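Protein chains in written order, with this note's numbering: chain D, 666 to 964; chain P, 37 to 252.
The beta carbon of each residue, even a glycine, is placed where N, CA and C say it ideally should be.
Quick caveat, the model's predicted, so the values are computed rather than measured.
Here's the structure, in structure tokens; my notes come after.
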Amino acid sequence: MSQQDTVLYDAQGPKARRRTAIGTAVAVLALIGLAVVVILRLAEQNQFSMERWGPLINPADENFATVWGLFGEGIRNTLIAAVIAMTLSIVLGTLIAVARLSLGRAGRIPLVGFVELFRGLPVIILVYFGVRVLPDVGVDLRDWPGGQVLWGLVIGLTAYNMVIFAEVLRAGVASLPRGQREGALATGLTNGQTMRIILLPQAFRVMLPAIISQLVVVLKDTSLVTFIANYDELLSQGESIRRNLDNPIQTFVVVALIYIAINYALGRLAQYVQARQARAARPAEKATEGAPVPVRDGA
Amino acid sequence: MDPVLENLDSYVAGFLVSLSIILWSLLGSLLLGLLIAACRVSPVPPLRAFGSFWVTTFRNTPLSVVLFACAFGLPEIGINRSFFFFGVLGLVLYTSAFVSEAVRSGINSVSAGQAEAARSIGLSFGQGLRYVVLPQALRTVVPPLGSVIIAMFKNSAVVGAFGVGGDLWSTGQTLVSARGYETLPIFIGVAIGFLLITLPAGAVLQVIERKVAIAR
């Protein structure tokens with residue numbers, strides 16, 4: 666760690682370094698102790714047996730191909746739903762943000778109510794709405810490619826994320842220097858042209874890291890469909906593997922690792938894009954540097 | 037809306053169970069989150085590594101996977117508890133990662149110059165922390181921590197879906213599947229129940245935010 670990543674302590678002198686060294690030794694011992702307890706406990710219950718791990722890690726195992734076939738399909742379905750939902754959220758979110766920015770005070774009120782409403786609802790309730798309520802009220806999506814459950818899931822995720830995205834984009838436009846809009850209007854562009862040609866492209870650029878981070882949220886939320894209907898995304902596939910092989914710890918560890926690998930990569934991509942933008946910011950664009958931080962509300 | 041009004045008592049009962057999931061999880065994830073945040077900013081490298089590992093793991097795993105792993109994995113190693121316990125535990129593990137991130141970003145947003153200034157006017161480490169660093173850090177933490185908490189309130193629905201039973205979500209499910217009500221009115225009832233929790237919470241947080249906000 667560089668000397669001053671945190672304000673909590675100063676660059677360390679000899680005494681503090683000694684204390685840190687002692688702390689390090691104690692912490693290492695404690696963490697090793699914890700790991701040993703966990704491993705012993707797992708070994709005691711026979712959790713390291715090849716009978717349980719084999720189908721997941723041993724290519725020679727008879728179930729290996731089936732298991733990874735299921736995982737592969739699960740990953741594909743998860744990505745399909747996440748990417749469609751994210752694309753739709755971006756498109757609809759942009760429309761909402763533009764409407765909210767262009768309408769007068771009175772016109773904004775219903776829109777703000779709409780945004781607040783969708784932000785206040787748990788995403789699983791919206792997925793339920795898409796998958797189970799829509800068919801009941803006569804919205805039949807069975808003939809769409811992918812079927813009712815995929816589109817129900819996509820609708821639920823989109824309903825939840827489009828308003829988040831609208832807020833992100835609105836914050837992005839608000840973070841631009843006033844001169845951008847004033848200049849555009851002064852050169853004779855209409856309000857609509859100013860938004861489309863000058864403001865939105867810059868806002869998108871500023872918000873690109875936030876968009877990528879939000880994709881992580883959408884990707885995780887696709888797993889909620891497991892509670893509602895059969896879509897065979899990653900978690901559902903893990904569930905059926907667990908039911909057949911009776912190895913919950915091993916299966917969920919692998920499922921979690923797959924999610925972590927994908928999401929961690931996306932997270933790093935977001936960081937990379939952010940760092941690149943910070944570097945690329947020329948003096949004239951400096952004003953955009955105070956851009957809002959990515960929305961990661963843990964949903 | 038008749039199905040909702042007819043079953044108002046079930047809804048109220050479900051609302052209360054949801055609230056108790058929320059309160060236990062709030063308590064647990066704030067405590068655990070602070071602990072993890074303390075690890076992440078500590079001068080001891082192994083603790084920092086442990087903190088990063090924790091945050092990376094739980095922030096990138098879906099809550100549903102954490103819940104499944106708790107409820108089906110823990111009994112395998114001899115930990116048998118109720119689904120309520122596993123549900124709250126899963127939500128606490130998951131949320132603690134986000135709490136820790138919010139707290140840490142708040143601490144790190146105080147510029148190092150503030151601590152240096154505190155030292156240069158002769159404040160001790162403890163005084164600097166108490167009068168200069170922490171008051172600023174706590175104020176910056178409020179908005180991100182607020183959205184983490186509200187997200188946690190909403191995630192309590194997933195804990196319900198997971199099979200805790202008796203909460204708002206499963207009340208709605210039971211009314212639909214066992215008693216054959218239409219999905220739409222029941223859905224609206226459950227949605228209103230959650231809005232009654234999240235919207236006031238959001239309003240309260242906004243008031244707090246406005247009170248403590250500092251320009252930086």
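Counting C-beta neighbours from all protein chains within 10 Å, is the total for residue i 16 or more, i.e. buried, or is it exposed?
i	result
E847(D)	exposed
A956(D)	Interpretation of A956(D) is limited by its pLDDT of 46, a score under 50 that renders its predicted location unreliable; the figure taken from the coordinates is listed afterwards. By the neighbour-count rule (16 or more Cβ atoms within 10 Å), A956(D) is buried.
F198(P)	buried
W816(D)	buried
L59(P)	exposed
L211(P)	buried
P679(D)	exposed
S100(P)	buried
S183(P)	buried
D911(D)	exposed
P236(P)	exposed
S767(D)	exposed
E727(D)	exposed
R843(D)	exposed
G769(D)	exposed
Is there a Cβ of chain D sitting closer than 8 Å to that of residue i, yes or no?
i	result
F198(P)	yes
V139(P)	no
I72(P)	no
L235(P)	yes
F82(P)	Going by the sequence as given, residue 82(P) is Pro instead of Phe. Taking Cβ atoms only, chain D reaches closer than 8 Å to P82(P), which makes this a yes.
L62(P)	no
Q245(P)	The sequence as given places Glu at residue 245(P); Gln does not occur at that position. For E245(P), the answer is no, since every Cβ of chain D falls outside 8 Å of its Cβ.
S100(P)	yes
L59(P)	no
A227(P)	yes
L231(P)	yes
P39(P)	no
I157(P)	no
V169(P)	yes
F86(P)	yes
F119(P)	no
G201(P)	no
Nearest to residue i by CA position, among the options, is which residue?
i	options	result
L707(D)	P111(P), L231(P) and N144(P)	P111(P)
E904(D)	A105(P), L83(P), L55(P) and L174(P)	A105(P)
A849(D)	A839(D), L864(D) and G837(D)	L864(D)
L231(P)	L786(D), P724(D) and L815(D)	L786(D)
T97(P)	L900(D), L910(D) and R741(D)	L900(D)
V80(P)	L673(D), V780(D) and G811(D)	L673(D)
V248(P)	L174(P), E218(P) and M188(P)	L174(P)
I862(D)	I877(D), L873(D), I790(D) and Q845(D)	Q845(D)
V748(D)	F794(D), A681(D), L880(D) and A771(D)	L880(D)
G734(D)	A921(D), D897(D) and L922(D)	D897(D)
T219(P)	V802(D), A700(D) and A875(D)	V802(D)
V819(D)	A692(D), Y937(D), M751(D) and V701(D)	M751(D)
Q936(D)	R773(D), I877(D), G698(D) and I697(D)	I877(D)
A894(D)	R683(D), R717(D), F794(D) and Q915(D)	F794(D)
S840(D)	G821(D), A824(D) and Q867(D)	Q867(D)
A940(D)	R908(D), A921(D) and A875(D)	A875(D)
A676(D)	V178(P), R155(P) and R166(P)	R155(P)
E739(D)	A700(D), R933(D), N928(D) and I923(D)	The displayed chain sequence assigns Gly, not Glu, to residue 739(D). For G739(D), the nearest C-alpha among the options comes from I923(D).
D886(D)	F917(D), R907(D) and Y825(D)	Y825(D)
V732(D)	Q942(D), A851(D), R908(D) and Y929(D)	R908(D)
A831(D)	M715(D), V756(D) and F892(D)	V756(D)
With 8 Å set as the bound, which would you pick, yes or no: does the beta-carbon of residue i sit closer than that to a beta-carbon of chain P?
i	result
K885(D)	yes
F892(D)	yes
P720(D)	no
R741(D)	no
E950(D)	Bear in mind that a pLDDT of 48 at E950(D), under 50, signals an unreliable position, so the number given afterwards is only what the model happens to contain. Not an interface residue.
A692(D)	yes
L854(D)	no
S888(D)	yes
N928(D)	yes
V777(D)	no
A921(D)	yes
T731(D)	no
Y896(D)	no
**Asked** Counting Cβ pairs closer than 8 Å, one from the stretch 60 to 74 of chain P and one from the stretch 133 to 145 of chain P, do we hit at least three?
**Response** yes
**the stretch 157 to 170 of chain P / the stretch 91 to 99 of chain P touching (three or more Cβ pairs under 8 Å)** = no
**Asked** Just checking, does the stretch 853 to 869 of chain D make contact with the stretch 760 to 770 of chain D on the three C-beta pairs under 8 Å criterion?
**Response** yes
**Request:** Examine the Cβ distances between the stretch 38 to 51 of chain P and the stretch 199 to 210 of chain P and report whether three or more of them are shorter than 8 Å.
**Result:** Yes: the two stretches touch, three or more of their Cβ pairs being nearer than 8 Å.
**Item:** Selection of the stretch 788 to 821 of chain D by Cβ proximity to chain A, strictly under 8 Å
**Value:** Here the protein chains are D and P, and chain A is not one of them.
**Validate contact between the stretch 215 to 225 of chain P and the stretch 233 to 248 of chain P using beta carbons, cut 8 Å, 3 pairs** = no
**Asked** With contact counted as at least three CB pairs below 8 Å, one residue from each stretch, are the stretch 185 to 192 of chain P and the stretch 699 to 718 of chain D in contact?
**Response** no
**Prompt:** Are the stretch 867 to 874 of chain D and the stretch 798 to 809 of chain D touching by the rule of at least three beta carbon pairs closer than 8 Å?
**Reply:** Touching, no, given that fewer than three Cβ pairs across the two stretches are closer than 8 Å.
**Message:** Quick test of the definition: if touching needs 3 or more C-beta pairs under 8 Å, does the stretch 806 to 813 of chain D touch the stretch 770 to 783 of chain D?
**Reply:** no
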